[in-house]
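Here's the structure, in structure tokens; my notes come after.
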Amino acid sequence: MSNELVAKRYANALFELATEQNLVETVEHDLQVVKKEYVGNLELNKFLQHPGITKESKKSVLNDTFASISETVLNLVCLLVDRGRMSTISNLVTEYVKIANETRNIADATVYSVTEMSSEELDKIGALFASKLGKNSIRLKNEIDPSLIGGYKVRVGNRIFDGSLKNKLVRIERELIAK
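So for the sequence shown, the working numbering puts the first residue at 723; every next one is plus one.
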């Protein structure tokens, strides 16, 4: 079974459990913490993937490393270790966030701009795109991309709304070449 399919199944089950316990946001936050530590900490990653280390030792290290996260997420991580599925954690987090966002009718988006945008600018862009996409709200993350020259580009899922100066210049160039 593919990692993505396994991740979807775990994410669905976890979301149902989190909904029953009224912990959807807490679980989402804790999953992000686990993903960041697992992906960003090469030593922890190697340790958890090493076949010569017992599952009990791995779970003990996880209990120490993630002592501050919810019991629900910690139990999930220990279950993933027991079943040899820690490699699915990134996909699992992505799937969980998708499910939670669909339920709350919100979307995550990335705004690419030449300079850091203020929170007011991000709020205006979020409100504009939320109404365009029929969402309650949009959670925006700002990334710097000097190649845009000016303006901004917004990525929501697999859709890109490009209002950058670079894109406008490329369109003008295509029009001039076509004539």
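All residues carry an ideal CB built from backbone N, CA and C; glycine is no exception.
All figures in this text were calculated on a predicted structure; none of them were measured in a lab.
| request: Find the nearest neighbour of N767 within the set S809, L802, K730 and L745, judged by alpha-carbon distance. | output: Walking along the sequence shown from the start, residue 767 turns up at place 45. Looking at the Cα atoms, S809 is the closest of the given residues.
| message | Per the DSSP calculation, F883 is bridged to which residue(s)? | response | Position 161 of the sequence shown, counted from the start, is the residue given in the question as residue 883. DSSP lists V876 as partners of F883.
| Which runs of the alpha helix (DSSP H), 4 residues or longer, sit entirely within the stretch 812 to 862? | For the stretch 812 to 862, whole alpha helix (DSSP H) runs of length 4 or above, ordered along the chain, are 841 to 855.
| task | May I ask you to report which of helix, strand or coil DSSP gives I871? | result | Within the sequence shown, the letter at position 149 stands for residue 871. The answer is coil: DSSP assigns I871 none of H, G, I, E or B.
| Endpoints, alpha helix (DSSP H) assigned at K758 | The residue you call residue 758 lines up with position 36 of the sequence shown. Counted as a single uninterrupted DSSP element, the alpha helix (DSSP H) harbouring K758 occupies residues V746 to G762.
| said: So, for E791: in the same chain, excluding its five sequence neighbours on each side, which residues have a beta-carbon less than 8 Å away from its beta-carbon? | reply: Numbered from 1 along the sequence shown, position 69 holds the residue referred to as residue 791. According to the sequence provided, residue 791 is Ile. The question's Glu does not apply to it. Here I791 has D752, V755 and V756 as same chain residues with Cβ atoms under 8 Å from its own Cβ, once five neighbours each way along the sequence are excluded.
| Residue span of the alpha helix (DSSP H) that contains F788, given as start and end | Along the sequence shown, one-based indexing puts residue 788 at 66. Here F788 belongs to no alpha helix (DSSP H), and DSSP marks it neither H nor E.
| said: Applying the 10 Å Cβ sphere with the 16-neighbour rule, what's the burial state of K758? | reply: For the purposes of this step, residue 758 is taken as the residue at position 36 of the sequence shown. Classification of K758: exposed, given that the 10 Å Cβ count is below 16.
| field | Cβ neighbour criterion (16 or more within 10 Å) applied to K846 | value | Along the sequence shown, one-based indexing puts residue 846 at 124. Counting Cβ neighbours within 10 Å, K846 comes out exposed, since fewer than 16 surround it.
| Is the beta carbon of V833 sitting closer than 8 Å to the one on P868? | Sequence index remark: in the sequence shown, residue 833 carries index 111 (1-based). Sequence index remark: in the sequence shown, residue 868 carries index 146 (1-based). For the pair V833 and P868, the CB atoms are not nearer than the 8 Å cut-off.
| In or out: L736 buried (at least 16 other Cβ within 10 Å) or exposed? | Residue mapping note: residue 736 aligns to position 14 of the sequence shown, counting from 1. Buried.
| task | Using the Cα positions of D786 and T816, report the straight-line distance between them to the nearest angstrom. | result | Along the sequence shown, one-based indexing puts residue 786 at 64. Along the sequence shown, one-based indexing puts residue 816 at 94. When rounded, the distance between both Cα atoms is 24 Å.
| I866, DSSP secondary structure in three states | Translated into the one-based positions of the sequence shown, residue 866 becomes position 144. The answer is strand: DSSP assigns I866 an E or B state.
| query | Around the C-beta of I860, are 16 or more other C-beta atoms found within 10 angstroms, so that it is buried, or is it exposed? | reply | Locating residue 860 in the sequence shown gives position 138, where the first residue counts as 1. Burial call: buried.
| request: In angstroms with no decimal places, state the Cα-to-Cα distance between A740 and V892. | output: Reading the sequence shown from its first residue, position 18 is the one you call residue 740. Reading the sequence shown from its first residue, position 170 is the one you call residue 892. Rounded to whole angstroms, the separation of the alpha carbons of V892 and A740 is 47 Å.
| message | Can you tell me whether I811 is buried or exposed? The criterion is at least 16 other CB atoms within 10 Å of its CB, across all chains shown. | response | Here residue 811 refers to the residue found at position 89 when the sequence shown is read from its first residue. I811 should be labelled buried.
| Closest by C-alpha distance to I775, when choosing among V728, G806 and V746 | Within the sequence shown, residue 775 is the residue found at index 53, counting from 1. Comparing Cα positions, the closest option is G806.
| query | Under a Cβ-count criterion, where at least 16 other Cβ atoms within 10 Å of its own Cβ denotes burial, should N763 be classed as buried or exposed? | reply | Taking the first residue of the sequence shown as 1, we reach residue 763 at position 41. Per the 10 Å Cβ criterion, exposed.
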